[in-house]
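First residue of the sequence shown? That's 0 in numbering that gives the first Met the number 0, and the numbers climb one at a time after it. Where a beta carbon is used, it is the ideal one built from N, C-alpha and C, also for glycine.
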Amino acid sequence: MLQRPRGTRDFLPEEMEARRTLEGTFRDRARRWGYREIATPEFEHLELFTLRSGEGIVEEMYTFEDKGGRKLALRPEITASVLRMYVNEARVIPKPLRWFYFADCFRYERPQKGRYRQFWQFGAELIGADGPRADAEVILLAHDLLAAAGARFEIRVGHLAPVTSLLRDLDPADRKRVMVFLDKHDATGLGAFLAEKGLVDLPDRLQALRGIRDLSELWEIIGDIPEKARIQEMIGLLDAEGIRYSLDFGIARGLDYYTGMVFEGFGENLGAENQILGGGAYRLAHLFGGDDVASVGFAIGFDRVMVSLGERPAAQGLRVAVLATEDGRARAFTVARAFRDAGVTAVLDLSERSISAQLSHAAKSAEFAVILGKREAEAGTVTLKDLRTGEQREVPLPDAVKEVKRSDAR
Ligand code: HAM
0 MLQRPRGTRD FLPEEMEARR TLEGTFRDRA RRWGYREIAT PEFEHLELFT LRSGEGIVEE
60 MYTFEDKGGR KLALRPEITA SVLRMYVNEA RVIPKPLRWF YFADCFRYER PQKGRYRQFW
120 QFGAELIGAD GPRADAEVIL LAHDLLAAAG ARFEIRVGHL APVTSLLRDL DPADRKRVMV
180 FLDKHDATGL GAFLAEKGLV DLPDRLQALR GIRDLSELWE IIGDIPEKAR IQEMIGLLDA
240 EGIRYSLDFG IARGLDYYTG MVFEGFGENL GAENQILGGG AYRLAHLFGG DDVASVGFAI
300 GFDRVMVSLG ERPAAQGLRV AVLATEDGRA RAFTVARAFR DAGVTAVLDL SERSISAQLS
360 HAAKSAEFAV ILGKREAEAG TVTLKDLRTG EQREVPLPDA VKEVKRSDAR
């Protein structure tokens, strides 16, 4: 028996319906903030991601050569594509641009609960806005989406400037190594690496950035930095909105393009892979031949939110089963169409079983049965049976449709 590739999933109708419901919630909320949906290609030139996405992600990429010898990659994330698209298509559109996407990404990772090789992100990018209000808007939007989904989550907000100021004496390559240790929460590796460099007090100071409760503690550790006012104003805006979040100035992010504010979200019931959100302020457009536009955005790990929410059957509309004897069969499609045109799901019984066998099957999946027999065919009527109460009446088709609709509204 052939199996699907490792790290991929099939979705049965129940799960697909629940996914569509969550997608709908995210789309609806994002639109209320003035964000509009975009889409980019599933594969891109490999270079788009090697330019600035960070080594981790590059090692995890699905890359291939096409028949023309071009090096391509399945997208491991969407932000680089969105900024490429901005440079290609949208430089002349007045900024800021507020865009969102719901799209699948591919990463060659070791699969486990909440970690897949094909997974979906719901993300938003605010392009061409810079400053504490832009940072705050994006954090508040992410919070709004997750809250609207009914998720239980914790948001951690940080900024790269404090870590960068502590690492100012390291050369860029070493700084990058430190950021990788921080992102992986590898305190042992970090300690050993910095000890080798003779920087023995640095690990403790970096560690202290994680546990900060309010900003005054941060300034005590790092002193004044140019970003101080911006950080204070952003945090003030979050506090004014009353959202729950914690400070974490040890957030390093796995991707290389961040330049300022960074934030992450963590969900419940997820085990080790509990990060459901990542984002921050970044610059990418200039690498792709565009202007050096400031942007800020995030992506929610859609599949992790699904796991975190657990089993939630999607609301089903009413269903009508259209049952017929041999004499009634010719009308079945026409009768079903009348219900469908009125917005009701109508499903034909395609078997040639007796009406009582058709009824017992219908009772498992529908609220109403419409029975088409010889008598109904002659009288131009249908028999409408409410499968929940057992009541049934022979009525003209338009009356049956009305009655089902009335019951739907109740
Ligand atoms: P990221 O943190 O690499 O950021 O991914 C965002 C989210 O995607 C993660 O927090 C996680 O929930 C989910 N995710 C990542 N890998 C997997 C996987 N293998 N299986 C399931 N879910 C996964 C980005 O991709 C940035 N582009 C976010 C961003 C947008 N920054 C600015 N704008």
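- For Val86, the shortest C-beta to heavy atom distance toward the ligand HAM is 8 Å or greater.
- In this structure the segment 96–112 does not touch the segment 198–205; the number of beta carbon pairs closer than 8 Å is below three.
- Set against 8 Å, the gap from the CB of Gln357 to the closest heavy atom of the ligand HAM is not smaller.
- In terms of Cβ geometry, Leu246 and Arg212 form a close pair [threshold 9 Å].
- Taking 9 Å as the cut-off, the Cβ atoms of Met260 and Ile77 do not count as close.
- When DSSP assignments are scanned along the segment 139–225, the uninterrupted stretches of beta strand (DSSP E) that are 3 or more residues long and fall wholly within it turn out to be 152–158.
- Secondary structure of Val381 (DSSP, three-state): strand.
- Per the Cβ contact rule, the segment 242–258 is not in contact with the segment 126–134 (fewer than 3 Cβ pairs under 8 Å).
- Cβ atoms of Gly270 and Gly113 come within 8 Å of each other, at about 7 Å.
- Residue environment analysis places Ser294 among the buried positions, since at least 16 neighbouring C-beta atoms fall within 10 angstroms of its C-beta.
- For Tyr100, the uninterrupted beta strand (DSSP E) run begins and ends at 96–105, by DSSP.
- Under the three-state reduction of DSSP, Ala331 is assigned to helix.
- Cβ neighbours of Ile221 within its own chain (closer than 6 Å, five residues either side excluded): Pro161, Ser164.
- Using a C-beta cut-off of 8 Å, the segment 363–379 makes no contact with the segment 299–313, since fewer than three inter-stretch Cβ pairs fall below that distance.
- Leu45 and Asp290 have their C-alpha atoms spaced approximately 21 Å apart.
- Per DSSP, Glu64 lies in no alpha helix (DSSP H); the unbroken beta strand (DSSP E) holding it starts and ends at 62–64.
- Under the DSSP assignment, Tyr281 falls in the beta strand (DSSP E) whose first and last residues are 274–281.
- Not one heavy atom of the ligand HAM sits closer than 8 Å to the Cβ of Glu22.
- By the C-beta density criterion, Gly296 is buried, having at least 16 other C-beta atoms within 10 angstroms.
- Residue pairing of Ala128 in beta bridges, as defined by DSSP: absent, with no partner found.
- Here Ala356 is exposed. Its C-beta has fewer than 16 other C-beta atoms within 10 Å.
- Around the Cβ of Val91, a 10 Å sphere holds fewer than 16 other Cβ atoms; the residue is exposed.
- For Gly23, the enclosing alpha helix (DSSP H) covers residues 12–31.
- Residues Val334, Ala337, Val381 of the same chain have their beta carbon placed closer than 7 Å to that of Leu396, with the five preceding and five following residues left out of the count.
- Counting along the chain, Leu71 sits inside the beta strand (DSSP E) bounded by residues 70–73.
- Pro395 is bridged by DSSP to Thr380.
- Taking 8 Å as the upper bound for CB-CB distance, Tyr256 and Arg229 are not in contact here, some 19 Å apart.
- Straight-line spacing of the CA atoms in Gln391 and Asp27 works out to 40 Å.
- Membership of Thr49 in the alpha helix (DSSP H) is indicated by the continuous run 45–49.
- Distances taken from the Cβ of Arg114 to the heavy atoms of the ligand HAM include one shorter than 8 Å.
- Glu43 sits close to Ser80, with the two beta carbons spaced by under 9 Å.
- In this chain, the alpha helix (DSSP H) harbouring Leu358 covers 354–361.
- Going by DSSP, Ala368 is part of no alpha helix (DSSP H) but of the beta strand (DSSP E) stretching over 367–371.
- For Glu263, the closest of Ile250, Glu272, Leu254 by C-alpha to C-alpha distance is Ile250.
- The alpha-carbon of Arg303 is positioned some 22 Å away from that of Ile242.
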